[in-house]
Amino acid sequence: MSDNHADTTGESNDTQGESTTVSRRRVLRTTAATAVGGAGLAGASGSAAASGFSGCDEWLDAPAEYPEIDLTSSNPSAANFESLEDESELVVSVHGWLGLETSTDQAYTLEQALEETGYDAPVVAASWEADTRNYWRAESRTETAGQRLASWLTSERANLEERTVRLVGHSLGGRLCLETLTALDGDATVDTVALVGAAADDDSVCTDGEYAYGIDANAETVSNYHSENDDSVCYGYDLQSFSSGLGCAGSDCDGGWITDDSGSVPDNYTDVDVTDEVDDHCDYTKPEVGCVPRIVEGWDSN
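See the structure below:
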């Protein structure tokens, strides 16, 4: 999902609403290929939030020397990280498609939203090669970037064994976080992963999905914050990937007209519906308009 448009994750308790969502998913899975035409994922946009600080062009300006993990290099390194060496807790913010240039601004915006809730651990930006207009190329790069983030997390500098590390991945950044868990391959465990508006298939986290093992083996908890107001995931991802997005209505392990039952999600995975809080693909981690209080609530409960 583009950082210039919206994504979501959602979970409904209303039986009729669930039925409608599943039906829409199944129809899209079989008809998306003929509906793509000239539409692209970056062409979708969400509804306007009540606050003016909404959308993918609005971020707080990060300080000039903001801490950043460079995943654009085959040898990932962290800049401006010295002041964080002794911190007992750290949040890693991972941007989505077309978000490289605003990576530190997005991380700083998340940091300010966290501070509003009373959570004061530092946030570091993880920057990867997402700024290509070719969505499929950007999507394919999440695997390499995830391997690089896993490499950095297992380094002595990350100190994952002694420090609480939380990943927050937006859009394709959520997919990158899932790739990171897969790449860790039992070498280390991340404390929490928050997926927000995740651009990944809704069955990819199920027992038979590509990310189930990484979630189960390499994270204490993984929470998927989804919103049915996120048009970039609910419609754009469907059209680009011919599958329903994890960030729209959460996981779907029931299968559809074409796919078989995919099992169930790992015990440490949870879908969290934030449709009432999030109106736009890029609002999840912003002050006032996002779902950061729900994210921190999840951290506190764990």
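For the record, in the sequence shown the residue sitting at position 26 is 1005 according to the numbering used here, with numbers rising by one throughout.
All C-beta atoms, glycine included, are put in the ideal place defined by N, C-alpha and C.
For Ala1105, same chain residues with a beta-carbon under 7 angstroms away, outside a window of 5 residues either side, are Ile1048, Leu1050, Val1071, Ser1072, Val1073 and Leu1128 in chain order. Partner residues in the beta bridge of Glu1068, as assigned by DSSP, are Thr1143. Nearest C-alpha to Thr1186 among Asp1279, Gly1125 and Asp1233: Asp1233.
Judged by DSSP in its simplified three-state form, Val1275 adopts helix.
Annotation for Leu1174: the continuous beta strand (DSSP E) segment containing it runs Val1169 to Val1175.
In the three-state reduction of the DSSP assignment, Val1073 falls in the strand class, which pools E and B. Excluding five sequence positions before and after Ala1086, the CB atoms of its chain that fall closer than 6 angstroms to its own CB belong to Ser1072, Val1102 and Ala1104, given in chain order.
For the pair Ser1130 and Thr1123, the Cα-to-Cα distance works out to about 11 angstroms. Per DSSP, Asn1203 is one residue of the beta strand (DSSP E) stretching across Ala1198 to His1205.
Taking 7 angstroms as the cut-off, the Cβ atoms of Tyr1098 and Val1275 count as close. Taking Arg1142 as reference, the option from Arg1116, Glu1158, Arg1154 and Asp1170 with the minimal CA-CA separation is Asp1170. Between the region 1074-1093 and the region 1256-1272 there are three or more inter-stretch CB-CB distances shorter than 8 angstroms, so the stretches are counted as touching. Counting C-beta atoms within 10 angstroms of its own C-beta, Trp1076 has 16 or more neighbours from the protein chains shown and is therefore classed as buried.
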